[in-house]
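In numbering that gives the first Met the number 0, the protein residues as written are 0 to 129.
Virtual Cβ for every residue (Gly too), placed ideally from N, Cα, C.
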Amino acid sequence: MSDTVGRVIGKRTDGRIIVRLDHRVMAEFGELWIIDDEVQESLYFIRVVDTTYGRDISSDDNIDIYAKTLLDNPDLKIYDEDRESLNYNFAITDILGIISEDRIVDYYRIPSILAKVRRPNDGEYQILVS
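Have a look at this one:
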């Protein structure tokens, strides 16, 4: 799997950024990520503060039947294709700052919609701890 974990899909009224995750990614509280905003040419350091999930109910009218079948037959497996189409994982994140000239500085704008979210590389981690 690549270092990409998801995409920015919105901002809450409390200023937290919402990230839709790849269905294979399970966010951990406190995890650190980078919003790689190519539109604004900025790198935002973010921290996961909450997680949630949801689904698009308009895409499948039989979700209740599918769920009941899984409950009645605990040995059935859910395949990645099913999990991807049925479930969306989200992470709620706080912006810690923008990486600028090998340091983290305050931010004065929000990241662009659909900006890529990825795991930081070793150099970016070093900036955080220095």
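Closest option to isoleucine 77, judged by alpha-carbon separation, among His22, Thr3, Thr12 and Val18: His22. Residues Ala26 and Ala90 of the same chain have their beta carbon placed closer than 6 Å to that of threonine 50, with the five preceding and five following residues left out of the count. DSSP places valine 116 in the uninterrupted beta strand (DSSP E) bounded by 115 to 117.
Taking the Cα positions, serine 99 is about 16 Å away from aspartate 121. Within its own chain, the residues whose Cβ lies closer than 8 Å to the Cβ of glycine 9, once the five positions on either side in sequence are excluded, are Ile16, Ile17 and Ile112, listed in chain order.
Assignment of beta-bridge partners to isoleucine 97 by DSSP yields Tyr43 and Val104. With at least 16 other beta carbons inside 10 angstroms of its own, asparagine 88 counts as buried.
Rounded to whole angstroms, the gap between the alpha carbons of isoleucine 45 and isoleucine 64 is 38 Å. Shown here, glycine 5 sits in a strand according to DSSP, grouped into three states. When rounded, the separation of the alpha-carbon atoms in leucine 42 and asparagine 86 is 28 Å. Assigned with DSSP and collapsed to three states, aspartate 35 falls in strand. It is roughly 9 Å from the alpha-carbon of valine 7 to the alpha-carbon of leucine 20.
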